[in-house]
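In our numbering, the protein residues as written are 2 to 239.
What follows is a set of notes on a single structure, which appears directly below.
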Amino acid sequence: MMADNEKEPVVSIVKKVLIDAIKLKASDIHFDPTPTELSVKFRINGNLQEYTVSPESFKSNITTRIKILSGMNITDSLRPQTGGINFESEGKHHNMRVSSLPVCDGEKIVIHIHSYENNVKSLSKMGINPEDTEKIKRLIKLNQGLVLITGTTHSGKTTTMYAMLKEIHSKAINIISIEEPVKLKIEGINQVEIAPDKGITYKSALKHVMLQDPNIICIDNLIDDEIARDAIRASVTG
2 MMADNEKEPV VSIVKKVLID AIKLKASDIH FDPTPTELSV KFRINGNLQE YTVSPESFKS
62 NITTRIKILS GMNITDSLRP QTGGINFESE GKHHNMRVSS LPVCDGEKIV IHIHSYENNV
122 KSLSKMGINP EDTEKIKRLI KLNQGLVLIT GTTHSGKTTT MYAMLKEIHS KAINIISIEE
182 PVKLKIEGIN QVEIAPDKGI TYKSALKHVM LQDPNIICID NLIDDEIARD AIRASVTG
């Protein structure tokens, strides 16, 4: 960054990092502090690639700017925090999940870029072979049962989930999703966003969703054994 940009305001530097990450189709941005600098890396196609290095003099200000944008407490650098950034680039909105973690040389920050609005496709265009695509379509249209989407980080679980929701969307059925956070708003689907500070947890949301006469319930993350059990019970209760 930094020879050419040392006179740039930190606000402009952070904005440029976000814009470049989106242009390069990065899924994550890593800000790694060291004793002498701040290393900025992009995860592209599953691999971390160094984007730039910022000198020590910029480290604290860049971290503070990101925490302000994501709604974190800038006075607390001793505890992990999470937040979010809604960022617009070239007329498109991007939801970003931000995580800070205290480490020996400062705070490590990771920004995960949700780009589902730009890349969610129909099931038939997901790259799944045609025979398996037809099996999936039959499964998600059954009146009863449970479909699990599993895989490693960034393997496409959420993208597949949204493709399924778009496939089964119909005015004749009541679809409710429970998400943390809602990455993409889909017209005609009732999407509940988890907000523990407001008393909306996965368990409480699922309990109340069951009272909303749903045909289909979508849970974006089975975070523990209890939620998994509740989801299985919901799938067999009709």
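Cβ coordinates follow ideal geometry from the N, Cα and C atoms, glycine included.
| query | result |
| --- | --- |
| Own chain, CB closer than 8 Å to Ile69, minus 5 neighbours either side, in chain order | Ile75 |
| Any C-beta of chain B under 8 Å from that of Ser71 | The structure shown contains no chain B; it is built from a single protein chain. |
| Phe43 beta carbon less than 8 Å from that of Leu25 | yes |
| Close-in-space but distant-in-sequence residues of the same chain around Leu147 (CB under 7 Å, 5 per side omitted) | Ala232, Ile233, Ser236 |
| Inter-residue Cα distance where the pair is Asp29 and Ile174 | 36 Å |
| Helix, strand or coil at Glu168 according to DSSP, with G and I counted as helix | helix |
| Tyr52 to Leu149 span [Cα, whole Å] | 36 Å |
| Which residues DSSP lists as bridging Arg241, in chain order | The structure shown does not extend to residue 241, since the chain is modelled only from 2 to 239, so the question has no answer here. |
| Candidates Asn46, Gly85, Lys109: closest to Ser61 by CA position | Lys109 |
| Neighbourhood of Ile169 by C-beta, 8 Å cutoff - its chain only, sequence neighbours within 5 removed | Ile141, Lys142, Ile176, Ile217 |
| Strand pairing of Thr53, partner residues [DSSP] | Val41 |
| Cα-Cα separation, Met97 to Gly85 | 5 Å |
| Of the listed residues Ile63, Ser101, His94, nearest to Leu79 (C-alpha basis) | Ser101 |
| C-alpha gap between Ala196 and Ser71, whole angstroms | 16 Å |
| Host alpha helix (DSSP H) of Thr132 (start-end) | Residue identity differs from the one stated: residue 132 is Glu in this sequence, not Thr. It spans 131-141 - the alpha helix (DSSP H) in which Glu132 sits, taken as one unbroken run. |
| Extent of the continuous beta strand (DSSP E) run through Glu194 | 191-194 |
| Cutoff 6 Å; reference Met165; Cβ partners in own chain excluding five residues on either side | Ile141 |
| Segment limits, beta strand (DSSP E) that includes Glu180 | 176-180 |
| Ile179 versus Asp221, Lys208, His209, residue with shortest Cα-Cα distance | Asp221 |
| 6 Å CB neighbourhood of Leu212 in its chain, flanking five on each side removed | none |
| Beta-carbon proximity list for Lys17, same chain, < 7 Å, skipping 5 on both sides | none |
| Anticipated Cβ contact below 8 Å, Ser55 with Val41, distance rounded | 7 Å |
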